[in-house]
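This report refers to the structure that appears directly beneath it.
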Amino acid sequence: MKIMTNTYKCLLVSVCFIVCLFYGFGTANAAGNLSLDANQSLYLNAGGPIDRIAVANPEIADVTVLSKMDMLLVAKKPGTTTLYIWTNNGMRQEYAVTVKDHDTQTSLVIAQMIGYPDLRVEKIGDKILLKGAVINQLEKNRAEKIAEMYGAKVVDLLEMTHPSQIRLEAKIVEISTDKVKKLGIQYANASSIDKDTGIVTIGSSGVFGFGQSFSNSKNSSTSKLGNYADINATLQALITNGDAKILSQPSMITMSGEKANILVGGEIPIPTGNSNGQITVEWREYGIKLNIEPQVDADNQITSKVQAEVSSLDSSNAVAVSSSISIPALLSRKAETVIHLSSGSTMAIGGLLSSTESKQVIKFPFLGDLPIIGQFFRSTSTTKSHKEIIILVTPTLVDETTPAVMSSDMKKWIDNKALTEETVAMDAKKK
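For what it's worth, this note's numbering labels the leading residue of the sequence shown as 907, then goes sequentially.
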């Protein structure tokens, strides 16, 4: 009986302590964590008449009391703070409030407009983050353009599951209509003639020889006039025509929307000076330059931006840097266009023309200047150069199953190598 009395006493003391704690000091109820985006609000019910409210940092979040038990929590700027709520019944509620610099509503709107199932959008401050996966460059570019409509900087972390790739086969052809016309008589002494055959030979067609060596050979021992050199001449009646030739035939693969550059030519050094008087060298490209930026649409049609430039060195307009150094100028012809064609079709870029003409006159002293008959004592050489560069480009959609383009010799070499390796493997297996 005594033991039971002590037990009741202990129980009574415990209950009194709990009641005093509950009513005298209040109860701390950690209600949990609250997460809001900046400029968002959240409705809260205190569960009883509100006695007091305190926010650790009102600049991050603040509270507006709506009624005796209702309030509105307003998020102001990113950060973390604590919200305390006391009620008339002595209860105290505590919330950890986190304000994120996110805009969930805008993110949902952007994601709905883009409409790709594996794409996720987050708007964080003044940035829009694109995450997830799309099929190809077309979907990726579309997602970026929609996100840019909201005036924020787009951070693209998208992955492409099946990116479009394009093989560009280019053929650069020079059609030359060079014409060299030589007509006239060019005189020379006997030292340029084969004395055994008596024939003038300069290594090209259209040249005929005649003169003293062909009719007589007077030697100095019998000549009363003394030693002299035989006078001979070559009659030039030559016309040559140029032909077309392939300057380059490159083939490359690029991603849709990416640039592919082709240069057939070289670089020339150009010295430049700075404010300290130091000389630096910059390299300037010349020759045939081709920049192509193909892009595949939803129908597998290819739209390409094409820039073509043909440049050559011009020594006639060179700039003298010093008495021994001069930098030639560049003559250039450019073309820029946008075309649309199906995979495997060929586009042609022409009209990149150049035309030069030169004339050379070689005449016999004094006689070549005589009127009328002077034309028989001089040789005129006229050279006309007309060149046109034609660029043929064939874009073709490819994937990992598309066979590589190669010459017949390369294909034969690869087949022979594969056959040899197979034979060696079979011999090793037999052993």
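Each residue gets a CB set at the ideal place from its N, CA and C atoms; glycine is no exception.
Just so you know, these numbers come straight off a predicted model, no measurement behind them.
Who does residue i pair with in a DSSP beta bridge?
i, result
"tyrosine 1056", "Tyrosine 1056 pairs with nothing; no bridge assigned."
"threonine 970", "Leu978"
"histidine 1068", "Bridge partners of histidine 1068: none, in fact."
"threonine 1326", "Its beta-bridge partners do not exist; DSSP assigns none."
"tyrosine 990", "Ala960 and Glu1000"
"lysine 1151", "Glu1080"
"glutamine 1201", "Thr1209"
"asparagine 951", "Asp976"
"valine 1216", "Ile1194 and Arg1239"
"serine 941", "Thr1004"
Which residue's Cα is closest to the Cα of residue i: the options?
i, options, result
"glycine 1172", "Tyr1192, Lys1165 and Ile1159", "Tyr1192"
"isoleucine 966", "Asn1182, Gly1256, Ile1295 and Val1005", "Val1005"
"serine 1218", "Gln1207, Leu1237 and Asn1206", "Leu1237"
"serine 1222", "Asn951, Leu1014 and Ala1235", "Ala1235"
"threonine 987", "Glu1000, Asn994 and Gly996", "Glu1000"
"arginine 958", "Lys983, Met997, Val980 and Gly985", "Met997"
"threonine 1252", "Val1225, His1292 and Thr1209", "Thr1209"
"serine 1162", "Gln1155, Leu979, Glu1199 and Lys983", "Glu1199"
"alanine 1214", "Asn939, Ala1049 and Ala1254", "Ala1254"
"isoleucine 1295", "Ile1041, Ile1078, Thr1160 and Asn1047", "Ile1078"
"tyrosine 990", "Ala952, Gln1011 and Thr1010", "Ala952"
"glutamate 1065", "Ala1053, Val1225 and Ala1039", "Ala1039"
"isoleucine 1233", "Val980, Pro955, Gln1207 and Ile1174", "Ile1174"
"histidine 1292", "Val1212, Ser1082 and Ser1154", "Ser1082"
"phenylalanine 942", "Ala981, Leu1063 and Glu1164", "Correcting the residue type first, residue 942 is leucine in the shown sequence and not phenylalanine. Among Ala981, Leu1063 and Glu1164, the Cα nearest to that of leucine 942 belongs to Ala981."
"glycine 1021", "Glu1050, Thr1329 and Lys1059", "Glu1050"
"lysine 1195", "Val1170, Asn995 and Gly1179", "Val1170"
"histidine 1246", "Lys1211, Asp1275 and Leu1276", "Lys1211"
"asparagine 995", "Ser1013, Ile956 and Thr1010", "Ile956"
"alanine 944", "Ser1314, Thr1010, Val971 and Ala1204", "Thr1010"
"leucine 950", "Val961, Pro964 and Val971", "Val971"
"lysine 1240", "Glu1164, His1068, Ala1204 and Asn1197", "Asn1197"
"threonine 1067", "Pro1277, Asp1305 and Leu1014", "Asp1305"
Do you know how far the Cα of residue j is from the Cα of residue i?
i, j, result
"tryptophan 1319", "serine 1229", "54 Å"
"leucine 948", "glycine 1031", "20 Å"
"glycine 932", "alanine 1017", "Low local confidence applies: a pLDDT of 35 at glycine 932 is under 50, so the model's placement there is unreliable, and no value is given."
"leucine 1298", "valine 1202", "19 Å"
"alanine 1002", "valine 1244", "58 Å"
"leucine 1025", "glycine 1057", "20 Å"
"lysine 1037", "glutamate 1028", "8 Å"
"glycine 938", "serine 973", "22 Å"
"leucine 1325", "alanine 1331", "10 Å"
"tyrosine 929", "alanine 1053", "Per-residue confidence for tyrosine 929 stands at a pLDDT of 39, beneath the threshold of 50, marking its modelled position as unreliable; the derived number appears in the next sentence. So the alpha carbons of these two residues sit roughly 56 Å apart."
"threonine 1186", "isoleucine 1231", "15 Å"
"alanine 1334", "glutamate 1327", "11 Å"
"lysine 1033", "asparagine 1047", "17 Å"
"valine 1225", "isoleucine 1176", "11 Å"
"leucine 1035", "valine 969", "31 Å"
"alanine 1166", "leucine 1044", "18 Å"
"isoleucine 1242", "aspartate 1321", "Inspection of the sequence shows that residue 1242 is occupied by glutamate rather than by isoleucine. Between glutamate 1242 and aspartate 1321, the C-alpha separation is close to 42 Å."
"lysine 874", "asparagine 1206", "Residue 874 is absent from the model: the chain starts at 907 and stops at 1337."
"valine 1216", "serine 1248", "27 Å"
"methionine 975", "leucine 940", "18 Å"
"valine 1061", "methionine 977", "38 Å"
"aspartate 1275", "glycine 1183", "54 Å"
"leucine 1303", "glycine 1179", "47 Å"
"tryptophan 1189", "serine 1181", "20 Å"
"alanine 934", "glutamine 946", "Any answer about alanine 934 is weak, because its pLDDT of 42 lies below 50 and its placement is not dependable; what the coordinates show is given next. In a straight line, the C-alpha of alanine 934 is about 27 Å away from that of glutamine 946."
"serine 1070", "leucine 979", "50 Å"
"lysine 1059", "serine 1157", "37 Å"
"glutamine 1155", "asparagine 1042", "29 Å"
"asparagine 1125", "isoleucine 1152", "Low per-residue confidence applies at asparagine 1125: pLDDT is 49, beneath 50, and the placement is therefore not dependable, though the value from the model is reported in the following sentence. Between asparagine 1125 and isoleucine 1152, the C-alpha separation is close to 55 Å."
"methionine 1019", "glutamate 1164", "26 Å"
"threonine 1329", "lysine 1336", "11 Å"
"lysine 1323", "aspartate 1220", "48 Å"
"serine 1314", "alanine 1204", "35 Å"
"valine 961", "leucine 1014", "30 Å"
State the CB to CB distance for the pair residue i and residue j, rounded to an integer number of angstroms; the pair is presumed to be in contact (CB under 8 Å).
i, j, result
"alanine 1150", "glutamate 1080", "7 Å"
"aspartate 1007", "proline 1023", "In fact, because the Cβ distance is near 27 Å, the residues do not count as touching under 8 Å."
"isoleucine 1159", "arginine 1073", "5 Å"
"threonine 993", "glycine 954", "4 Å"
"threonine 1300", "glycine 1250", "7 Å"
Inside the region 1020 to 1058 only - alpha helix (DSSP H) runs reaching at least 4 residues: The qualifying runs are 1043 to 1054.
Minimum length 3: unbroken beta strand (DSSP E) runs contained in the region 1152 to 1178: Those beta strand (DSSP E) runs which fall completely within the region 1152 to 1178 and span 3+ residues are 1157 to 1161.
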